[in-house]
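Beneath this line is the structure, given in structure tokens, with notes to follow.
There are 2 protein chains.
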Amino acid sequence: MTDAKPDEKAGRRPRGTVTVATIARLAGVSSPTVSKVLNGRSGIAVDTRERVEALLREHGYRRTDNTSATPIVEVAFSGLESHLAIEIMRGVEEVVRDRGLTVGFTDLQGRAPRAGRRTADLLLSRRPTGVIAVHSAYRGTYYQQLTASGVPLVVLDPTGEPVHDTPSVGTTNWSGGIAAARHLLDLGHRRIGVITGPPGFMCVRARLEAARAALETAGLTLDPALVRSGAFSFDDGLELGRQLLGLPKRPTAVLCGNDLQAFGVYEAARRAGLRIPDELSVVGFDDIEPARWCGPPLTTVRQPFAGMGNAAAQMVLALAAGQPVEPARVELVTSLVVRDSTAPPPA
Amino acid sequence: MTDAKPDEKAGRRPRGTVTVATIARLAGVSSPTVSKVLNGRSGIAVDTRERVEALLREHGYRRTDNTSATPIVEVAFSGLESHLAIEIMRGVEEVVRDRGLTVGFTDLQGRAPRAGRRTADLLLSRRPTGVIAVHSAYRGTYYQQLTASGVPLVVLDPTGEPVHDTPSVGTTNWSGGIAAARHLLDLGHRRIGVITGPPGFMCVRARLEAARAALETAGLTLDPALVRSGAFSFDDGLELGRQLLGLPKRPTAVLCGNDLQAFGVYEAARRAGLRIPDELSVVGFDDIEPARWCGPPLTTVRQPFAGMGNAAAQMVLALAAGQPVEPARVELVTSLVVRDSTAPPPA
Chain G
1 MTDAKPDEKA GRRPRGTVTV ATIARLAGVS SPTVSKVLNG RSGIAVDTRE RVEALLREHG
61 YRRTDNTSAT PIVEVAFSGL ESHLAIEIMR GVEEVVRDRG LTVGFTDLQG RAPRAGRRTA
121 DLLLSRRPTG VIAVHSAYRG TYYQQLTASG VPLVVLDPTG EPVHDTPSVG TTNWSGGIAA
181 ARHLLDLGHR RIGVITGPPG FMCVRARLEA ARAALETAGL TLDPALVRSG AFSFDDGLEL
241 GRQLLGLPKR PTAVLCGNDL QAFGVYEAAR RAGLRIPDEL SVVGFDDIEP ARWCGPPLTT
301 VRQPFAGMGN AAAQMVLALA AGQPVEPARV ELVTSLVVRD STAPPPA
Chain L
1001 MTDAKPDEKA GRRPRGTVTV ATIARLAGVS SPTVSKVLNG RSGIAVDTRE RVEALLREHG
1061 YRRTDNTSAT PIVEVAFSGL ESHLAIEIMR GVEEVVRDRG LTVGFTDLQG RAPRAGRRTA
1121 DLLLSRRPTG VIAVHSAYRG TYYQQLTASG VPLVVLDPTG EPVHDTPSVG TTNWSGGIAA
1181 ARHLLDLGHR RIGVITGPPG FMCVRARLEA ARAALETAGL TLDPALVRSG AFSFDDGLEL
1241 GRQLLGLPKR PTAVLCGNDL QAFGVYEAAR RAGLRIPDEL SVVGFDDIEP ARWCGPPLTT
1301 VRQPFAGMGN AAAQMVLALA AGQPVEPARV ELVTSLVVRD STAPPPA
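Residue numbers (our numbering), protein chains in the order written: chain G, 1 to 347; chain L, 1001 to 1347.
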């Protein structure tokens, strides 16, 4: 995955023990240049920088001078999860505050395409004790640069994307999908529609395949005509809901990829003059705060965001203290919260 | 407001120029003891500490050693504004990030009664460059301790409580209240109900009195039977909405104290079988994100939370740089956002 050729001898060192001097030698630069890359300083040619970063990643460079780090745990969002952010921040803060550390907030929303590097530079120049990157934020240049820096890093991952080279916290999407589908089956639904998020996300696959498995083990099949995919947004929930409710044989219930999509289906039902839950059952995923406010209160699968923040904070502080993080992947359980948006299908 | 007796000579110094040594002399303690109080250190008797803090506040102590502060602007919430928090944090971050500072997050939600002091101790011990306290968080022990510490402090205040001794950012609640009421009057409503927040908040008074003024200048009166007050919550909106909609002569429109109350009224209307906007118009206040998702999308008065965070950050950085902040109170404009929850009254 890199075009740099590692020195054979250095390659035999265990991961995480390579030094700045070794990286400098391999890259053909001075040690201060490597330090500049690690600390987000400017004034280094892009190709030099990328060569150094590739070597740092390849050799699994880790910081050994964490005692001089600033007492901050930075939480980085990508802007897509703003409706989840406060619960996550609270979970992180609960663990971090009593150690005398600050919980830092960074959001990549609305940044220019090259802003990832600038944001990562700024973040690294603050020399944080650790970084918690919330899913989409961990992709691309930004993430590459963070992993290269050797700063203690944990991915908090509501999208179910296991990251094998970085410790991460997720939830049990599959079990949540099963619970949601079984709830509808138990109520007597047989024509169940599914609105999913973008198929590139593993959580989307897990929830969709769980719904299929629940139906098939109940002796039914998931009708492909009743499956729609779109963004994790209100707008796509509205449009895809409109499509499903406009079918000649419309579903009596819809499993949604997240709560925002479910709110969109609510609006599609309202426009179509269909009452929830009497004429249509709707199930969300996430259990964000507005799920309790919508009319009627939404049945949904709860992801424990505060607990995820809590777990991620414990992991990142352990990494910062030089302790091993085992297991490196944690999945917290989801739970079905039954409210008023689900009922038996109309007779 | 304090039982300490200030030295006459020290009392003649302009506010903000008193030294640690002077405070120590007035309090009858050593300078290191005053420094401990300023930096949230433990091991000082409560009465000594309170005496020192009272003197610091009285003399308007300000830090002069801000160059040694940690590059963090801390944003402190009280837990009541979690649905507003991310937009505020983004606004703060936009200003702060390019200066190389971290945006810190603290939430007092769910803390024990004495936790305010512990939280303030932790916050001060981090020696932040500045603190932005979001309204309710600025009350009580916590706020007293922050003002005593001399740390650059700005109050971000969505509740319209002007604070005369601390720079603050609010919004034009009165104008927002006028715009909301006039919108309903223009649609032809004459029986207008009002659900307000807790009457102790100035924003609540401003919005209620604005509604009354709009009605009276239109030749109408605000019927006291149609006014209800409660917490800024979904639950209180639901209960107070239920009361208003159960009246023999129910209102054709309801002005709500915030969006959460409006969502409660939506649910009360749904349970009463009343369609919005055909049979009932509803107006919120705040324009939080779920306002676009509820069925139907909510007409509401927008408070520019990101702009407030932006303004508060600029003020706190100016204070930290030793620059004067004039004016010390900023009010950003509110604006009516007309969506689908308002229509002419039923014929």
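Yeah, the Cβ is synthetic: ideal placement off N, Cα and C, and Gly gets one too.
Worksheet item: If you measure from the beta carbon of residue 86 (chain G) to each beta carbon in chain L, is any gap under 7 angstroms?
Response: yes
Discussion item. 7 angstroms is my cut-off, CB to CB: does residue 131 (chain G) come that close to chain L?
Written reply: no
Worksheet item: How many angstroms separate the CA atom of residue 46 (chain G) from the CA atom of residue 53 (chain G)?
Response: 10 angstroms
Worksheet entry | Near-chain L residues of the stretch 294-313 of chain G - C-beta to any C-beta below 9 angstroms | 294, 295, 296, 297
Worksheet item: If you draw a straight line from the alpha carbon of residue 1244 (chain L) to that of residue 273 (chain G), how long is it in whole angstroms?
Response: 25 angstroms
Worksheet item: Just checking my contact of residue 17 (chain G) with residue 24 (chain G) at CB under 8 angstroms: how many whole Å lie between their CB atoms?
Response: Going by Cβ atoms, the distance from residue 17 (chain G) to residue 24 (chain G) rounds to 16 angstroms, so no, they are not a contact pair.
Discussion item. Which complete alpha helix (DSSP H) runs does the stretch 1016-1065 of chain L hold, if anything under 4 residues is left out?
Written reply: 1020-1027, 1031-1038, 1046-1058
Worksheet item: From what residue to what residue does the beta strand (DSSP E) around residue 214 (chain G) run?
Response: First-last for residue 214 (chain G): 202-217, but that is the alpha helix (DSSP H), not the beta strand (DSSP E).
Worksheet item: Which chain L residues are close to residue 266 (chain G), counting only those with a beta carbon under 9 angstroms from its beta carbon?
Response: 1293, 1294, 1295
Worksheet item: In chain order, what residues of the same chain have a beta carbon less than 8 angstroms from the beta carbon of residue 338 (chain G), not counting five sequence neighbours either side?
Response: 183, 299
Worksheet item: Using the C-alpha atoms, what's the distance from residue 173 (chain G) back to residue 329 (chain G)?
Response: 14 angstroms
Worksheet entry | residue 1341 (chain L), enclosing alpha helix (DSSP H) - first and last residue | Counting along the chain, residue 1341 (chain L) falls outside any alpha helix (DSSP H), and DSSP gives it neither H nor E.
Worksheet item: If we count Cβ pairs, one from each stretch, closer than 8 angstroms, do we get three or more for the stretch 182-200 of chain G versus the stretch 246-265 of chain G?
Response: yes
Discussion item. Please report the distance separating the alpha-carbon of residue 217 (chain G) from that of residue 296 (chain G).
Written reply: 30 angstroms
Fill in: Buried versus exposed, by CB contacts within 10 Å (16 or more), residue 144 (chain G)
buried
Fill in: Through-space distance from residue 1247 (chain L) to residue 104 (chain G), alpha-carbon basis
50 angstroms
Worksheet item: How would you list, in chain order, the residues of chain G whose beta-carbon sits under 9 angstroms from the beta-carbon of residue 1083 (chain L)?
Response: 86, 289, 290
Fill in: Straight-line Cα distance separating residue 122 (chain G) from residue 307 (chain G)
28 angstroms
Practice prompt. Give me the Cα-Cα distance between residue 1038 (chain L) and residue 1049 (chain L), rounded to the nearest whole angstrom.
Written response: 10 angstroms
Discussion item. My parser needs the alpha helix (DSSP H) runs of 4 or more residues fully inside the stretch 1239-1294 of chain L; what are they?
Written reply: 1259-1272
Discussion item. DSSP three-state label for residue 1130 (chain L), please.
Written reply: strand
Worksheet item: Can you tell me where the alpha helix (DSSP H) with residue 302 (chain G) in it begins and where it stops?
Response: Where residue 302 (chain G) is concerned, there is no enclosing alpha helix (DSSP H), although the beta strand (DSSP E) it sits in stretches over 299-302.
Worksheet item: What is the DSSP secondary structure of residue 108 (chain G), reduced to helix, strand or coil?
Response: coil
Discussion item. Closest to residue 63 (chain G) by C-alpha separation, out of G:19, G:284, G:97, would be which residue?
Written reply: G:19
Item to complete: Determine, using beta carbons only, whether residue 26 (chain G) and residue 55 (chain G) come nearer to each other than 7 angstroms.
Response: yes
Item to complete: Go ahead and label residue 42 (chain G) buried or exposed: buried means 16 or more other beta carbons lie within 10 angstroms of its beta carbon, across all protein chains shown.
Response: exposed
Worksheet entry | Coarse secondary structure for residue 328 (chain G), derived from DSSP in three states | coil
Discussion item. Run through the DSSP bridge pairs and tell me what residue 196 (chain G) is partnered with.
Written reply: G:229
Item to complete: Could you have a look at residue 85 (chain G) and say whether DSSP puts it in helix, strand or coil?
Response: helix
Worksheet item: What's the gap between the Cα of residue 229 (chain G) and the Cα of residue 262 (chain G)?
Response: 13 angstroms
Worksheet item: Which residues in chain G sit within 8 angstroms of residue 1093 (chain L), going by Cβ to Cβ distance?
Response: 105, 106, 107
Worksheet item: Taking just the CA atoms, how far does residue 61 (chain G) sit from residue 314 (chain G)?
Response: 21 angstroms
Fill in: Collapsed DSSP secondary structure at residue 1313 (chain L) in the structure displayed
helix
Worksheet item: For residue 1206 (chain L), is the classification buried or exposed, using 16 other Cβ atoms within 10 angstroms of its Cβ as the cut-off for buried?
Response: buried
Worksheet item: Got a sec: is the Cβ-Cβ distance from residue 1242 (chain L) to anything in chain G below 7 angstroms?
Response: no
Worksheet entry | Coil, strand or helix - residue 159 (chain G) by DSSP | coil
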